[in-house]
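Q: Got a structure for you, questions after.
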Ligand SMILES: [Zn+2]
Ligand SMILES: [Zn+2]
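Numbering (the numbering used here), first residue to last: 15 to 168.
Right, here's the structure in full:
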């Protein structure tokens, strides 16, 4: 499935329903929604409404496979809570069900790594092309593909 398809609300809802039936042999009867306001968490289970929220960044950064693992994790909370069992991370019921269904224990970091600002900036004296670099360039050895020499700007 493409990222675009995965990010559709209907796709998410039907995926959660399918994962629930396949791995938990129980239906998911509530709503699954993408929520952009989730920052670093991959998903959230609402104790009051029984609905699930998912962070679209899981799809954007890691793809379908990781989304399914997060769905399993949230469904563990969901089914255990509804059945009155230990639904919290520290509970044995939760740990065992998570293991049995192959859900993810921790969602990998969702904050994209900031690209480091280049320390040096070179420019070609002939064509003007800029070359941002993390390290110093040996100007005697390296030039622009156009054949021009580079100069250090900062
Ligand atoms: Zn959780
Ligand atoms: Zn050049």
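Every residue gets a Cβ at the ideal spot worked out from N, C-alpha and C, and that includes glycine.
Please read all numbers here as calculations on a predicted model, not as lab measurements.
Taking 8 Å as the threshold, find out whether the region 129-141 comes into contact with the region 88-104 through three or more Cβ pairs.
A: Counting Cβ pairs under 8 Å, fewer than three are found: no touch.
Q: To the nearest angstrom, how far is it from the Cα of residue 117 to the Cα of residue 65?
A: For residue 117 and residue 65, the distance between alpha carbons rounds to 18 Å.
Q: Can you tell which of 105, 145, 45 has its C-alpha closest to the C-alpha of residue 26?
A: Nearest of 105, 145, 45 to residue 26, Cα basis: 45.
Q: At what residues does the beta strand (DSSP E) containing residue 67 begin and finish?
A: Per DSSP, residue 67 belongs to the beta strand (DSSP E) from 66-68.
Q: Give me the residue from 89, 141, 166, 37 with the minimum Cα distance to residue 134.
A: For residue 134, the nearest C-alpha among the options comes from 166.
Q: Mind checking who residue 136 pairs with in its DSSP beta bridge?
A: Per DSSP, 145, 166.
Q: Is any heavy atom in ligand 1 found nearer than 7 Å to the beta carbon of residue 64?
A: Residue 64 Cβ: outside cutoff for every heavy atom of ligand 1.
Q: Does the beta-carbon of residue 90 have 16 or more other beta-carbons within 10 angstroms, so that it is buried, or is it exposed?
A: With 16 or more other Cβ atoms within 10 Å, it is buried.
Q: Shorter than 7 Å, the distance from the beta carbon of residue 143 to the closest heavy atom of ligand 2, or not?
A: Yes, ligand 2 has a heavy atom inside 7 Å of this Cβ.
Q: From which residue to which residue does the alpha helix (DSSP H) around residue 46 run?
A: From DSSP, residue 46 is part of no alpha helix (DSSP H) but of the beta strand (DSSP E) over 46-48.
Q: When a residue counts only if its C-beta is closer than 6 Å to some heavy atom of ligand 1, which residues count, in chain order?
A: The filter returns 87, 91, 103, in chain order.
Q: Do you know whose CA, among 142, 42, 77, 84, lies nearest residue 21's CA?
A: Minimum Cα distance to residue 21 is reached at 77.
Q: Under a Cβ-count criterion, where at least 16 other Cβ atoms within 10 Å of its own Cβ denotes burial, should residue 35 be classed as buried or exposed?
A: Exposed, because fewer than 16 other Cβ atoms sit within 10 Å of the Cβ of residue 35.
Q: Looking only at its own chain, which residues have a Cβ that is under 7 Å from the Cβ of residue 38, when we skip the five neighbours before and after it?
A: Counting only Cβ-Cβ distances below 7 Å, and skipping sequence neighbours, we find 89, 93, 115.
Q: Report the rounded CA-to-CA distance for residue 47 versus residue 71, giving the unit in angstroms.
A: Cα to Cα, the separation comes out at about 13 Å.
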